[in-house]
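> Below you will find the structure I want to go over with you.
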Amino acid sequence: MTLPFSADQAPDEFEPMTGELDLEDRRALRRVAGLSTELTDVTEVEYRALRLERVVLVGVWTEGTAAMAENSLRELALLAETAGSEVLEGLVQRRSRPDPATYIGSGKAAELRDIVIATGADTVICDGELAPGQLRHLEETVQVKVIDRTALILDIFAQHAKSREGKAQVELAQLSYLLPRLRGWGGNLSRQVGGRAAGGVGIGGRGPGETKIELDRRRIRTRMAKLRRQIGEMSKARDTGRGERRRGEVPAVAIAGYTNAGKSSLLNRLTGAGVLVENALFATLDPTVRRAETPGGRHYTLADTVGFVRHLPHQLVEAFRSTLEEVTGAGLVLHVVDGSDPEPEAQLDAVREVLREIGADTINEIVVINKADAADDLAIVRLQRREPHSVVVSARTGQGIDELRAAIEAELPGLESELHALVPYERGDLIARVHDHGEVLKLEHVAEGTLLHARVPGDLAGELSRYEVVAPTV
Ligand SMILES: Nc1nc2c(ncn2[C@@H]2O[C@H](COP(=O)(O)OP(=O)(O)OP(=O)(O)O)[C@@H](O)[C@H]2O)c(=O)[nH]1
Numbered sequence: 020m021t022l023p024f025s026a027d028q029a030p031d032e033f034e035p036m037t038g039e040l041d042l043e044d045r046r047a048l049r050r051v052a053g054l055s056t057e058l059t060d061v062t063e064v065e066y067r068a069l070r071l072e073r074v075v076l077v078g079v080w081t082e083g084t085a086a087m088a089e090n091s092l093r094e095l096a097l098l099a100e101t102a103g104s105e106v107l108e109g110l111v112q113r114r115s116r117p118d119p120a121t122y123i124g125s126g127k128a129a130e131l132r133d134i135v136i137a138t139g140a141d142t143v144i145c146d147g148e149l150a151p152g153q154l155r156h157l158e159e160t161v162q163v164k165v166i167d168r169t170a171l172i173l174d175i176f177a178q179h180a181k182s183r184e185g186k187a188q189v190e191l192a193q194l195s196y197l198l199p200r201l202r203g204w205g206g207n208l209s210r211q212v213g214g215r216a217a218g219g220v221g222i223g224g225r226g227p228g229e230t231k232i233e234l235d236r237r238r239i240r241t242r243m244a245k246l247r248r249q250i251g252e253m254s255k256a257r258d259t260g261r262g263e264r265r266r267g268e269v270p271a272v273a274i275a276g277y278t279n280a281g282k283s284s285l286l287n288r289l290t291g292a293g294v295l296v297e298n299a300l301f302a303t304l305d306p307t308v309r310r311a312e313t314p315g316g317r318h319y320t321l322a323d324t325v326g327f328v329r330h331l332p333h334q335l336v337e338a339f340r341s342t343l344e345e346v347t348g349a350g351l352v353l354h355v356v357d358g359s360d361p362e363p364e365a366q367l368d369a370v371r372e373v374l375r376e377i378g379a380d381t382i383n384e385i386v387v388i389n390k391a392d393a394a395d396d397l398a399i400v401r402l403q404r405r406e407p408h409s410v411v412v413s414a415r416t417g418q419g420i421d422e423l424r425a426a427i428e429a430e431l432p433g434l435e436s437e438l439h440a441l442v443p444y445e446r447g448d449l450i451a452r453v454h455d456h457g458e459v460l461k462l463e464h465v466a467e468g469t470l471l472h473a474r475v476p477g478d479l480a481g482e483l484s485r486y487e488v489v490a491p492t493v
C-alpha cells in the first residue's frame, strides 16, 4: 500500500491535505477506521492505516448454537487471512446482546488486553459492526487498533477491486462507512493518541501506522456525489450492453452465491471460459459475462457476480447495486451453495437476504449444490430436502453438470411460442436465429424453403409469423 506519508512519521511532520481528494488521499482513506465527534467545516481527522498483521479475533455470541458462533469466527479468520493478516487467537463472548460501551463488556475487554499482550498482536477484529463509541472504548482498553467486520470486508473489497467501476463502488462504500466515524482532532483524541503511544503501540512506528489527515465532511460528501454520478454513468453503459443482448433474444442467466462457493469454477465448467479461480474470498468483484449454450443448442449469457457473505456491509450492497443489476436483469439465477460448508443453509439464507434487498428474489432460481465431491452425503440429502428445486454438482469433477445444463435448458425464459413455418431460403438469417435462440423440433428443406417446427421466444415468433403455416398433418 502506498500512503501519502510514511507510517513512522510523527503526526505533525506531514502536510495536511487540502482540496478535492486525489488518488493518494483515496488510497489512504481506504484504510480508515476513525471515530466521530463534533466536526467543523475543515476538520482534522484521525486517520489510521490498517496494517492487518497480527490479529486477535473477538466475537459476541448472542443467539444460535456454539457451533454457529464458532463458524462465524472461523469465517472471520478466513476474511482476516484474505486481507493478509495472521490470526493469532480468537475468542467468543456469550452475552444476551453486545455491550453498548465496549461490545464485549469491560471484564472481557481486560482479558482481551492480556491476550493482546501475550500474543504480541497489533490489531483486534470484532465480528460485527461496532458503533464508533464502542470501537473507541475498546481501543482504549486493549491499546491496539480495533476494527470491525465491516471495515475488514471493505478492506478486502478495496484490495480486489480491479475495474474503474469496482474501484468507484468500493470507495463509495468506504466513504459512507467513514463519514459517521470522522472526528475532530482535539483534546480527547490527542489524549488518546498520547495514551496509545505510551502504551507501546501507535504512531511511533512500533505498532500500527497511524496518523492524521485534514478532511471535512463536505469534501467527502462532494466526492461521494461525484462517485455516485460516475457509477451511474458506468452502469448506464453496461445497461446498453444488456439491452443489446436482450434485443438479440439471448436470455440472461446470473450466477449468485456465497463467497468461495465455486461460482467462477461453475462459470468455467459451463462455458469453458478461463476465469480465475482462487481459494480466496471475494476473488470476483466485477461481473464477468460469457456466452453459453444448452444441450439443445440454445444460447444464453452467463454472468458471474460478486460473492455474498453474512452481514455483507449495507454500504457495499448499496454501492454495488449497479453491479448486482446483472442479477436483477437476469431471467434465471443459478444460486450456488458450497455443499461441503458446515452451514450451507446459513449461506443460502444470507444470499437470499441480499437478493431480496436488491429486488432479485422473485427471479426464477435453480439452487446448485456444489462441491459434491467434498461434501458429506447426509448433508447433501438434508440440503436437497430443504431445496427441492436443486441440482447437485461438482464444478471440480464435472459430476452433475449435464443435469444442470438440462435444468437450465428447461428453465430458460422465453420459449413461449411453438410454431410451424415455411421460411424462404433468402431468410436463412431467421433460421440461424432459431438455431441460436430457440429450439428446433424439426427441420426439412423443401422446394419453397425451409419447413420448420420450433419453439421460439416471443420476438422471434413475431418475425416468423408471416411465414407461419398450419401444422402438417403427417
Ligand atoms: N472440492 C471442490 N472444490 C471446489 C469445487 N468448485 C470450486 N472449488 C474450489 O473452491 C474455491 C473457490 O472457487 P471459486 O470458483 O473461485 O469460487 P467463487 O464462488 O467464484 O469465489 P469468490 O469469487 O471468492 O466469491 C477454489 O479453491 C475452487 O478450486 C468443487 O466442485 N469441489
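To get the working numbering, take the position in the sequence shown, counting from 1, and add 19.
Ideal Cβ placement from N, Cα and C applies to all residues, glycine included.
Out of ALA429, ASP395, ASP360 and GLY291, point me to the one whose CA is closest to GLY350's CA.
ALA429
> Per DSSP, GLN112 is paired with what?
DSSP output for GLN112 lists VAL79 as bridge partner(s).
> Exposed or buried, ALA393, counting other C-beta atoms within 10 Å across all chains shown (16 or more means buried)?
exposed
> Using only CA atoms, which one of CYS145, GLY139 and ARG113 lies nearest to LEU76?
CYS145
> Looking at the unbroken beta strand (DSSP E) that takes in ASP323, where does it start and where does it end?
318-323
> Examine ligand 1 and report whether any of its heavy atoms sits within less than 8 Å of the Cβ of LEU95.
For ligand 1, not one heavy atom lies less than 8 Å from the Cβ of LEU95.
> So, with DSSP's three-state summary, where would you put ASN389?
ASN389 falls in the strand class under three-state DSSP.
> Using 9 Å as the threshold, is the C-beta distance between ILE172 and THR142 below it?
no
> Span of the alpha helix (DSSP H) holding ALA456?
The residue asked about is misnamed: residue 456 is His in this sequence, not Ala. HIS456 -> alpha helix (DSSP H) spans 447-456.
> What does a CB cutoff of less than 7 Å around HIS318 pick up in its chain, not counting 5 residues either side in sequence?
VAL269, ARG310, GLU312, ASP455 and HIS456
> Is DSSP giving LEU149 helix, strand or coil here?
coil
> Quick one, which of THR381, ALA338, VAL387 and ALA379 has its alpha-carbon nearest SER359's?
VAL387
> Taking only the alpha-carbon atoms, compute the straight-line gap between LEU438 and GLU463 and give it to the nearest angstrom.
14 Å
> Who pairs with TYR122 in a beta bridge, going by DSSP?
ASP118.
> Hey, would you say the C-beta of VAL325 is under 8 Å away from at least one heavy atom of ligand 1?
yes
> Tell me, please, whether the stretch 277-294 touches the stretch 242-251 by the rule of three or more beta-carbon pairs shorter than 8 Å.
no
> Alpha carbons only, please: which of HIS330, GLY276, GLU362 and GLN366 is nearest the one belonging to GLN322?
With the sequence shown as reference, residue 322 is identified as Ala, and Gln is not the correct amino acid for it. Ranking HIS330, GLY276, GLU362 and GLN366 by Cα distance to ALA322 puts GLY276 first.
> What residues match up with LEU351 in a beta bridge as DSSP calls it?
VAL272
> Would you give the residue range spanned by the beta strand (DSSP E) that SER484 belongs to?
SER484 -> no beta strand (DSSP E), and no H or E assigned at all.
> If you measure between the beta carbons of LEU131 and LEU98, is that distance less than 9 Å?
no
> Based on DSSP bridge pairs, tell me the residues matched to GLU467.
Paired residue(s): none; GLU467 is not in a bridge.
> Is LEU285 a contact residue of ligand 1, with contact defined as CB to any heavy atom under 8 Å?
Yes; taking the cut-off as 8 Å, the Cβ of LEU285 has a heavy atom of ligand 1 nearer than that.
> Tell me whether ASP455 counts as near ligand 1, meaning its Cβ is closer than 8 Å to at least one heavy atom of that ligand.
no
> Following the continuous alpha helix (DSSP H) through SER359, name the residue where it begins and the one where it ends.
Where SER359 is concerned, there is no enclosing alpha helix (DSSP H), given that its DSSP letter is neither H nor E.
> By how many angstroms is the C-alpha of THR160 removed from the C-alpha of THR129?
Contrary to the premise, residue 129 reads as Ala rather than Thr in this sequence. About 7 Å.
> Below 7 Å CB to CB, which residues in the same chain sit around GLY281 once its five sequence neighbours on both sides are set aside?
VAL355, ASP357, ASN389, LYS390 and ALA414
> At the level of alpha carbons, what is the spacing between LYS181 and LEU470?
50 Å
> Cβ of VAL370 versus every heavy atom of ligand 1: is any distance shorter than 8 Å?
no
> Measuring straight from C-alpha to C-alpha, what distance separates ALA120 and ALA137?
Using only the alpha carbons, I get a separation of about 24 Å.
> Any heavy atom of ligand 1 closer than 8 Å to the Cβ of ASP392?
yes
> Here's a check: name, in chain order, each residue in its chain whose Cβ is nearer than 7 Å to the Cβ of GLN211, leaving out the five neighbours to either side.
Because GLN211 sits at a pLDDT of 35, beneath the cut-off of 50, its placement in the model cannot be relied upon, and the following sentence gives the value as read from the coordinates. Within the same chain, GLU159 come within 7 Å of GLN211 by CB-CB distance, once the 5 residues on both sides are set aside.
> What residues in its chain sit with their C-beta under 6 Å from that of TYR486, if we drop five residues either side in the sequence?
ALA440, LEU441 and VAL442
> Have a look at ARG405 and VAL489 and give me their C-alpha separation to the nearest angstrom.
46 Å
> Just the Cα atoms here: how many angstroms apart are TYR196 and ILE123?
22 Å
> Nearest to THR81 by CA position, among GLU105, GLU100, GLN112 and ARG73, is which residue?
GLN112
> So who's on the other strand from SER284, going by DSSP bridges?
Bridge partners of SER284: none, in fact.
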